[in-house]
Amino acid sequence: MAVLLFAFLAFSCENEEKKTEETAQKKVEYDMYKPSEMANFMNAMYIYNQQIRDQIIAGEIPKSMPLDLMTLHSAEMSDGKGRTPVWDSFVNVFIESQKTIADTLSNVELKQRYNDAITNCLNCHKTECVGPIPKIKKLLIQ
Ligand code: HEC
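Just add 23 to wherever you are in the sequence shown, counting from 1, and you've got our numbering.
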């Protein structure tokens, strides 16, 4: 039971191909799936950045960051996952870059600051959680 649950919870970070193969077997377990606190926070960051993206494209200046990025240090992660040295090496760099998007005094162009933050999402995801990478890439402004 515990093994099955772990297998499913690790699922959201797996790559898309694997997902399709395994979907059939996973169906039964789906009912038990409850996103971790961290997964919920990640999804909130995703939605926030989608809104920022729309604003930047529309030529607007994003308002200050509504999410408490310190949640990244405290949120519980899915079973079997913890903060690795790789996580630790990326998390603060990401937090800083996400904050600078709302820094009206910055000399760096807004679009650049935004894309830098999204690149930092991707840098951590490359090793820590590959599944959402295609989705996160869509946030980049070309
Ligand atoms: C320091 C590493 C790190 C950074 C930075 C990071 N993520 Fe994540 N992300 C993770 C890990 C690890 C998980 C898996 C969390 C879990 O399952 O508990 C995850 C999960 C996710 C998920 C899947 C949530 C779900 O429903 O399972 C999405 C979407 C996501 N991140 C988007 C983002 C976006 C967008 C950013 C940047 C704004 C970002 N992440 C920044 C490590 C990171």
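Don't be surprised by glycine CBs; every beta carbon is placed ideally from N, CA and C.
Residues in its own chain within less than 6 Å of residue i by CB, not counting five upstream and five downstream?
i, result
"Ser35", "Gly154"
"Met61", "Ala98 and Met100"
"Glu37", "Gly154"
"Lys160", "none"
Short of 8 Å in beta carbon distance, which residues of its chain neighbour residue i, apart from the five on each side in sequence? Order them along the chain.
i, result
"Ile79", "Pro85, Leu133, Lys134, Tyr137 and Ile164"
"Lys158", "Tyr69"
"Ala125", "Pro85, Lys86, Ser87 and Met88"
"Leu92", "Ile118, Gln121 and Lys122"
"Asn66", "Pro58"
"Ala149", "One point to set straight first is that residue 149 is Lys, not Ala, in the sequence displayed. Excluding residues within five positions, the ones whose Cβ falls inside 8 Å are Ile156."
Taking 7 Å as the limit between beta carbons, can you name the residues of its chain near residue i, skipping five residues before and five after?
i, result
"Ser59", "Glu99, Met100 and Ser101"
"Met68", "Leu90"
"Asn146", "Phe113"
"Ala25", "For Ala25, the predicted model reports a pLDDT of 47, less than 50, meaning its position is unreliable; a value from the coordinates is still stated below. Cβ neighbours of Ala25 beyond the five flanking positions: none."
Taking the Cβ atom as the reference point for each residue, do residue i and residue j lie within a distance shorter than 9 Å?
i, j, result
"Cys144", "Leu128", "no"
"Ile75", "Leu95", "no"
"Ser112", "Thr142", "no"
"Glu16", "Trp110", "Summary: the structure shown does not reach residue 16, with the chain confined to residues 24 through 165, and so no result is reported for it."
"Asn72", "Ala140", "yes"
"Thr123", "Val131", "yes"
List the endpoints of the continuous alpha helix (DSSP H) containing residue i.
i, result
"Ala125", "No alpha helix (DSSP H) contains Ala125, which DSSP labels as neither H nor E."
"Arg106", "Run containing Arg106: none; DSSP gives neither H nor E here."
"Lys134", "Leu133 to Glu151"
"Met166", "Summary: the structure shown does not reach residue 166, with the chain confined to residues 24 through 165, and so no result is reported for it."
"Ala62", "Glu60 to Ile80"
"Pro157", "Ile156 to Lys160"
"Leu95", "Thr94 to Ser97"
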